[in-house]
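Engineer: Sharing a structure here in structure tokens format.
Protein chains: 2
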Amino acid sequence: MAARSRPIALDDVSKAIIEQLQEDGRRSYAEIGKAVGLSEAAVRQRVQKLTESGVMQVVAVTDPMQLGFYRQAMVGIRVTGDSTVVAERLAEIPAVDYVVLTAGSFDLLAEVVCENDDDLIELLNRRIRSIEGVQATETFVYLKLQKQLYNWGTR
Amino acid sequence: MAARSRPIALDDVSKAIIEQLQEDGRRSYAEIGKAVGLSEAAVRQRVQKLTESGVMQVVAVTDPMQLGFYRQAMVGIRVTGDSTVVAERLAEIPAVDYVVLTAGSFDLLAEVVCENDDDLIELLNRRIRSIEGVQATETFVYLKLQKQLYNWGTR
DNA sequence: AGTGAAACGACCGTAGA
DNA sequence: TCTACGGTCGTTTCACT
Numbered sequence: 001m002a003a004r005s006r007p008i009a010l011d012d013v014s015k016a017i018i019e020q021l022q023e024d025g026r027r028s029y030a031e032i033g034k035a036v037g038l039s040e041a042a043v044r045q046r047v048q049k050l051t052e053s054g055v056m057q058v059v060a061v062t063d064p065m066q067l068g069f070y071r072q073a074m075v076g077i078r079v080t081g082d083s084t085v086v087a088e089r090l091a092e093i094p095a096v097d098y099v100v101l102t103a104g105s106f107d108l109l110a111e112v113v114c115e116n117d118d119d120l121i122e123l124l125n126r127r128i129r130s131i132e133g134v135q136a137t138e139t140f141v142y143l144k145l146q147k148q149l150y151n152w153g154t155r
Numbered sequence: 001m002a003a004r005s006r007p008i009a010l011d012d013v014s015k016a017i018i019e020q021l022q023e024d025g026r027r028s029y030a031e032i033g034k035a036v037g038l039s040e041a042a043v044r045q046r047v048q049k050l051t052e053s054g055v056m057q058v059v060a061v062t063d064p065m066q067l068g069f070y071r072q073a074m075v076g077i078r079v080t081g082d083s084t085v086v087a088e089r090l091a092e093i094p095a096v097d098y099v100v101l102t103a104g105s106f107d108l109l110a111e112v113v114c115e116n117d118d119d120l121i122e123l124l125n126r127r128i129r130s131i132e133g134v135q136a137t138e139t140f141v142y143l144k145l146q147k148q149l150y151n152w153g154t155r
């Protein structure tokens, strides 16, 4: 969110390549080439540029539910003092997978992943509310995930 | 979030493999094998199992900022009536990349990705608040992304 | 669940349009 | 920025442990 260079405009071919890698990040360049009508080398060059420029990356994502993390929640946090310091402290907690500084009635939003309710309570009490500068928290326990997209801006 | 089978316990080797693919989703099985002390074929089998079981997937993720989507926000939504119906309607909107049903003072949370403030206003007024059953919304504009993890449960 | 070997296919660098 | 091509390395299948 720091990088504020000119936006990179993707043509339809690059969008198609990203869509292929969205379906399967390990699909071969040759196969992608067939799908988008390009040679293997051309696909490889474009993927390399997209990756090096930071527009796209191919990564492994895991499903917390399958790994026994049955409780997810978003925690809205009000802060006294410097919210960046609190954000850094939150980011150090392994169970916190997402931290963003916001404008609005919360200064910070943090997504947390826990095994069960007891873990969530512990996390909130001992790890999050104990951080210097955390004034108040409000927790939104996840009931059902409806949509989760990783490829913003390509659809 | 529906799948509630027994949690799959990952051993250290599988965690190491996922970590390798987290660093670079296109890293070769041979190279991963060297890093984790396994033959190439063994790595491939494990990746296949992890993928087929839904524990892990390798996908392309894109950076909205780099693509000119400078405004992101989380929208908390209060609903009258059936929140699942509203969630489905939200999920249909391309600019909405994340929708989750929650317990708490919001019934739904939706993350949105926009090019600028005007787009965000339009999105809120014409697309989101116009949905039947949306009673109230509260918007938290993102100022700075501090942490974003894709591999829950492996660290 | 793991290894090893041989055939096959993908990947990479370079050259050229 | 793309295609073409050859050398190298990764992947696949299979037999075996």
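In the order they appear, the protein sequences are chains Y and V.
When we follow UniProt numbering, the leftmost residue of the first sequence carries the number 1, and every step to the right adds one.
When we follow UniProt numbering, the leftmost residue of the second sequence carries the number 1, and every step to the right adds one.
The C-beta atom is built at its ideal place from N, Cα and C for all residues, glycine as well.
Bear in mind that the values here come from a model prediction, so they are computed numbers and not experimental data.
What does DSSP give as the partner residue(s) for Lys15/V in the beta ladder?
Structural biologist: None, per the DSSP bridge assignment.
Engineer: Kindly list, in the order they appear in chain V, the residues whose Cβ is closer than 8 Å to that of Ile18/Y.
Structural biologist: In chain order: Ala60 and Thr62.
Engineer: Run through the stretch 23-96 of chain Y for me and flag every whole alpha helix (DSSP H) of 4 or more residues, listed as ranges in chain order.
Structural biologist: Those alpha helix (DSSP H) runs which fall completely within the stretch 23-96 of chain Y and span 4+ residues are 29-36, 40-52 and 83-91.
Engineer: Are at least three pairs of beta-carbons, each pair with one atom in the stretch 17-35 of chain Y and one in the stretch 81-92 of chain V, less than 8 Å apart?
Structural biologist: The stretch 17-35 of chain Y, when compared against the stretch 81-92 of chain V, does not touch it at the 8 Å Cβ threshold.
Engineer: If we count Cβ pairs, one from each stretch, closer than 8 Å, do we get three or more for the stretch 127-135 of chain Y versus the stretch 32-47 of chain V?
Structural biologist: No, the stretch 127-135 of chain Y does not touch the stretch 32-47 of chain V.
Engineer: Taking Cβ positions only, does Gly104/V come closer than 8 Å to chain Y?
Structural biologist: Chain Y contact via Cβ: present.
Engineer: Helix or strand or just coil, what does DSSP make of Glu138/V?
Structural biologist: It is a strand residue.
Engineer: Starting from the beta carbon of Val96/Y, find every residue of chain V whose beta carbon is closer than 9 Å, and list them in chain order.
Structural biologist: What Val96/Y touches in chain V: Lys147 and Leu149.
Engineer: Under the three-state reduction of DSSP, which class applies to Leu10/Y: helix, strand or coil?
Structural biologist: Leu10/Y: coil per DSSP, three-state reduction.
Engineer: Check whether the Cβ atoms of Tyr62/Y and Val55/V sit closer than 8 Å, and answer yes or no.
Structural biologist: The sequence shown places Thr at residue 62/Y, not Tyr. The answer is yes: Cβ separation under 8 Å.
Engineer: Between which residues of its own chain and Gly81/V is the CB-CB distance below 6 Å, once the five residues before and five after are set aside?
Structural biologist: Around Gly81/V: Gly133.
Engineer: If contacts are defined as beta-carbon pairs under 8 Å, then Glu115/V and Phe69/V qualify, I think. What distance do you get, rounded to the angstrom?
Structural biologist: Confirmed, about 6 Å.
Engineer: On the criterion of 16 or more Cβ atoms from any shown chain inside 10 Å, does Ala9/V qualify as buried, or is it exposed?
Structural biologist: Classification of Ala9/V: exposed, given that the 10 Å Cβ count is below 16.
Engineer: What is the rounded straight-line gap between the Cα of Asp117/Y and the Cα of Arg71/Y?
Structural biologist: Going by the C-alpha atoms only, they are around 7 Å apart.
Engineer: Do the CB positions of Gly37/Y and Thr139/V come within less than 8 Å of each other?
Structural biologist: Taking 8 Å as the Cβ cut-off, Gly37/Y and Thr139/V do not qualify as a contacting pair.
Engineer: Determine whether the beta carbon atoms of Leu67/Y and Ser83/Y lie at a separation below 8 Å.
Structural biologist: Contact: no.
Engineer: Kindly indicate which three-state DSSP category Leu145/Y falls into: helix, strand or coil?
Structural biologist: If DSSP states are grouped into helix, strand and coil, Leu145/Y belongs with the strands.
Engineer: Would you tell me roughly how many angstroms separate the C-alpha atoms of Ala35/V and Val79/Y, rounded to the nearest one?
Structural biologist: Going from the Cα of Ala35/V to the Cα of Val79/Y covers about 42 Å.
Engineer: Spell out whether any CB of chain Y is found under 8 Å from the CB atom of Leu109/V.
Structural biologist: Chain Y, which has a Cβ nearer than 8 Å to the Cβ of Leu109/V, makes this yes.
Engineer: Expressed to the nearest angstrom, what Euclidean distance is found between the alpha-carbon atoms of Val99/Y and Glu19/Y?
Structural biologist: So the two alpha carbons sit approximately 27 Å from each other.
Engineer: Measuring straight from C-alpha to C-alpha, what distance separates Lys15/V and Leu21/V?
Structural biologist: Spanning the two alpha carbons is a distance of roughly 10 Å.
Engineer: Express the C-alpha separation of Gln146/Y and Asp106/V in angstroms, rounding to a whole number.
Structural biologist: The identity of residue 106/V in the sequence shown is Phe, whereas the question assumes Asp. Going from the Cα of Phe106/V to the Cα of Gln146/Y covers about 15 Å.
Engineer: For chain V, check one thing: does any of its Cβ atoms lie closer than 8 Å to the Cβ of Leu21/Y?
Structural biologist: Yes, Leu21/Y counts as interfacial toward chain V.
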